[in-house]
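For this note's numbering, add 180 to where a residue sits in the sequence shown, where the first one is 1.
Report on the following structure.
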Amino acid sequence: AIIINANDIAAMGGRPRWFLANILLPEKKTTYALVENVFSQLSKACKELSISFCGGHTEVTLGINRPIIIGQMLGEINKDDLITAGGAKVGDNIILTKGIAIEATSIIAREKEKMLLKRFSKRFIKRCKETIKNPGLSIYKEAIIVRKLGKVHAMHDPTEGGIATGLHELAIASGVGLLINKESIPVLQECKILCDYFGIDPLGVIASGALIIAVDQKDTENVIKGLRIKGIDASHIGNVTHKRKGIKIIEKGKIKRLSLFERDEITKVL
181 AIIINANDIA AMGGRPRWFL ANILLPEKKT TYALVENVFS QLSKACKELS ISFCGGHTEV
241 TLGINRPIII GQMLGEINKD DLITAGGAKV GDNIILTKGI AIEATSIIAR EKEKMLLKRF
301 SKRFIKRCKE TIKNPGLSIY KEAIIVRKLG KVHAMHDPTE GGIATGLHEL AIASGVGLLI
361 NKESIPVLQE CKILCDYFGI DPLGVIASGA LIIAVDQKDT ENVIKGLRIK GIDASHIGNV
421 THKRKGIKII EKGKIKRLSL FERDEITKVL
């Protein structure tokens with residue numbers, strides 16, 4: 181809850197500062213140990229990002245079987261430094277950090293562990309679960325670094341609907357078209373294996389942990405190099421085009437429309 185909220189603020193060039201949580205706990209499963217564990221994890225995540233956990237609301241709720249946390253976060257930014265998903269310009273290059281789909285890989289491994297154990301090793305499943313730690317869900321570090329490396333016109337953190345939907349959102353907000361090279365999109369090996377196993381498209385599964393960046397063409401190489409020096413993988417996956425050219429993807433040498441996933445592919449699994 182904290183990382184995803186912080187990502188939204190960081191993707192606008194801001195600094196996450198204050199967090200409020202509405203915590204709903206299951207009636208028949210709530211124990212002191214569960215409550216302490218929930219608050220311990222929230223406090224730890226806030227501390228790691230220097231965010232103040234200011235308060236919120238907690239209650240035991242009927243009709244749920246696991247804790248639900250609804251977060252709200254505030255941040256700070258100088259008004260001249262604001263970056264939105266709507267600033268991409270024709271001629272910009274599109275950079276993607278880390279890869280896809282970090283969050284989906286972990287969710288599938290956790291929710292379908294018993295099924296996966298019939299086909300995959302415990303070691304592989306553990307590795308899938310831990311993608312939320314390595315390479316990790318937070319994009320705060322790269323969002324701060326990239327501003328110092330070149331002229332960034334737009335940033336967006338893809339979530340539900342995957343990288344494909346995130347690219348559509350950026351293009352629509354900016355009033356531009358895109359031409360994406362599918363082969364340039366880094367897909368985590370664990371993600372590819374799980375998506376192949378369940379027959380789902382990795383471009384359409386929840387993709388928190390990656391950051392889409394629209395950067396001035398002349399700064400592309402410097403941005404990618406600078407991120408990699410800081411230990412953050414980055415790839416040039418496409419270009420910004422005129423709106424009339426549409427939102428397209430090159431796949432096996434052919435140009436076609438980039439799919440828009442109105443329903444996340446992970447719902448076919450869970």
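Ideal Cβ positions, reconstructed from N, Cα and C, are used throughout, including at glycine.
Is residue i buried or exposed, if buried means 16 or more other CB atoms sit within 10 Å of its CB?
i	result
I203	buried
K278	buried
L297	exposed
M295	exposed
A414	buried
S232	exposed
S364	exposed
T211	exposed
S286	buried
E370	buried
A213	exposed
L391	buried
E283	buried
Tell me which residue opens and which closes the alpha helix (DSSP H) that residue i is part of.
i	result
L516	There is no way to answer for residue 516, as the model of the chain reaches only from 181 to 450.
S354	342 to 354
N314	Where N314 is concerned, there is no enclosing alpha helix (DSSP H), given that its DSSP letter is neither H nor E.
F378	369 to 378
V326	320 to 326
D125	This structure does not reach residue 125, given that the chain is present from 181 up to 450, and the question cannot be answered.
Just reading off the beta strand (DSSP E) that residue i is part of, what are its end residues?
i	result
T285	No beta strand (DSSP E) holds T285; the alpha helix (DSSP H) holding it covers 282 to 291.
T277	273 to 277
State the beta-bridge partners of residue i as determined by DSSP.
i	result
L359	N419, K428
R195	E256
L204	E239, I248
S232	W198
A387	According to DSSP, which records beta bridges pairwise, A387 is partnered with nothing at all.
A414	T277
What is the DSSP secondary structure of residue i, reduced to helix, strand or coil?
i	result
G433	coil
A334	strand
V403	helix
V395	strand
S364	helix
E442	coil
I263	coil
R303	helix
K298	coil
With contact counted as at least three CB pairs below 8 Å, one residue from each stretch, are the region 264 to 276 and the region 229 to 241 in contact? Result no; under three Cβ-Cβ pairs closer than 8 Å.
Say whether the region 375 to 395 touches the region 331 to 341, bearing in mind that this needs 3 or more beta-carbon pairs closer than 8 Å, one atom from each stretch. The region 375 to 395 makes contact with the region 331 to 341: 3 or more CB pairs, one atom from each, lie closer than 8 Å.
Determine, using beta-carbon pairs with one atom in the region 374 to 383 and one in the region 433 to 449, whether at least three such pairs fall under 8 Å. Flag = yes, the region 374 to 383 and the region 433 to 449 touch.
Between the region 212 to 228 and the region 352 to 369, do three or more beta carbon pairs fall short of 8 Å? In short, these stretches do not touch, since the Cβ pair count stays below three.
Check whether the region 358 to 372 touches the region 419 to 428, counting contact only when three or more Cβ pairs, one atom from each stretch, lie closer than 8 Å. Taking a contact to require three or more Cβ pairs closer than 8 Å, the region 358 to 372 and the region 419 to 428 qualify as touching.
Okay, do the region 314 to 321 and the region 259 to 272 touch, 3+ Cβ pairs below 8 Å being the bar? No, because fewer than three Cβ pairs between the region 314 to 321 and the region 259 to 272 fall closer than 8 Å, the two stretches do not touch.
Check whether the region 187 to 206 and the region 245 to 262 are in contact - that is, three or more C-beta pairs closer than 8 Å. Yes, the region 187 to 206 is in contact with the region 245 to 262.
Inter-stretch contact (C-beta, 8 Å, three-pair minimum) for the region 393 to 407 and the region 327 to 336: Touching, yes.
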